[in-house]
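Chemist: Mind having a look at this structure? Questions to follow.
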Ligand code: 3PG
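In UniProt numbering, the protein residues as written are 8 to 216.
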């Protein structure tokens, strides 16, 4: 499963974290991100449309890679798996969710914000984590500090990543990709301005060059 996470992150160095506000947004939003070059998506279970979005995208846009985010417990993991999610992201580490992740066929990226979280996950075999909330829990300095005691661990920092700090995060040797919602401009989505979403996605990717 570590290899599957690594191959997902090698394809997608920027993971959009999407909370679907309206069902009608699902396809145009995903199409705009894909047109901008972002084809691996994390759909959060923070809105009532999360599971519907995962089901719809798996059926209608099989070329995209669709994961689930904000998975808080084993029940939510089971629902997302049934909806067709291809990977799982959690905001934090509990013994319950880490164990459910071991039993699930899907790769799970647990959230971690402390050395204790990393030790809890490491003990069960996890080596890839979402650093969350990245900017609040120490940002690039935290990643550098975690590098010494946890040399085999790599991160997807998320939470506060923006165009102006993205490159510094991705330059860290223990960072595999970054996640964030900055390209999902809420006013643009509300007015159905998908061209703006496509542009923001393309601009994010252009920063990697
Ligand atoms: C998440 O849960 O991963 C965050 O909502 C994404 O963080 P951001 O909104 O600060 O990019």
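Each residue gets a CB set at the ideal place from its N, CA and C atoms; glycine is no exception.
Could you check if residue 216 is buried or exposed, using at least 16 other CB atoms within 10 Å of its CB as the buried criterion?
Modeler: As a first step, residue 216 is located in the chain shown; it is residue number 209 there, counting from the start. Result: exposed.
Chemist: Note down, in chain order, each residue of its chain lying with its Cβ closer than 7 Å to the Cβ of residue 88, except the 5 sequence neighbours on either side.
Modeler: Within the chain shown, residue 88 is the residue found at index 81, counting from 1. Counting only Cβ-Cβ distances below 7 Å, and skipping sequence neighbours, we find 111 and 113.
Chemist: Assuming contact is defined by CB atoms lying nearer than 7 Å, are residue 81 and residue 107 in contact in what I supplied?
Modeler: Within the chain shown, the letter at position 74 stands for residue 81. Within the chain shown, the letter at position 100 stands for residue 107. It is a contact, given that the beta carbons lie within the stated cut-off.
Chemist: Provide the residue(s) that pair with residue 23 in DSSP beta bridges, ordered along the chain.
Modeler: Locating residue 23 in the chain shown gives position 16, where the first residue counts as 1. In DSSP, residue 23 forms a bridge with 187.
Chemist: Cutting at 7 Å between CB atoms, please list the residues of its own chain near residue 86, excluding the five before and the five after it.
Modeler: For the purposes of this step, residue 86 is taken as the residue at position 79 of the chain shown. 58.
Chemist: How is residue 12 classed by DSSP in three states: helix, strand or coil?
Modeler: Here residue 12 is taken as the residue at index 5 of the chain shown, counted from 1. Of the three classes helix, strand and coil, the one that applies to residue 12 here is helix, per DSSP.
Chemist: For residue 169, which residues from the same chain have a beta carbon less than 8 Å from its beta carbon, with the 5 sequence-adjacent residues on both sides left out?
Modeler: Counting from 1 along the chain shown, the entry for residue 169 is found at position 162. Excluding positions up to five away in sequence, the list reads 187 and 189.
Chemist: Provide the residue(s) that pair with residue 182 in DSSP beta bridges, ordered along the chain.
Modeler: Residue numbering aside, residue 182 sits at position 175 when the chain shown is read from its first letter. Paired residues: 162.
Chemist: Pull up the CB-CB distance for residue 19 and residue 184, whole angstroms please, since I reckon it's below 8 Å.
Modeler: Working through the chain shown from its first residue, we reach residue 19 at position 12. Working through the chain shown from its first residue, we reach residue 184 at position 177. Correct: roughly 6 Å between the Cβ atoms.
Chemist: With burial defined as no fewer than 16 other Cβ atoms inside 10 Å of the residue's Cβ, what is the status of residue 11: buried or exposed?
Modeler: Taking the first residue of the chain shown as 1, we reach residue 11 at position 4. Looking at its Cβ environment, which holds fewer than 16 other Cβ atoms inside 10 Å, residue 11 is exposed.
Chemist: Would you kindly report the start and end of the unbroken beta strand (DSSP E) that includes residue 106?
Modeler: As a first step, residue 106 must be located in the chain shown, where it is residue number 99. Premise fails: residue 106 lies in the alpha helix (DSSP H), 102-110, not in any beta strand (DSSP E).
Chemist: Please list the terminal residues of the continuous beta strand (DSSP E) segment that includes residue 175.
Modeler: Position 168 of the chain shown, counting from 1, holds the residue named residue 175. For residue 175, there is no enclosing beta strand (DSSP E); the enclosing alpha helix (DSSP H) covers residues 173-177.
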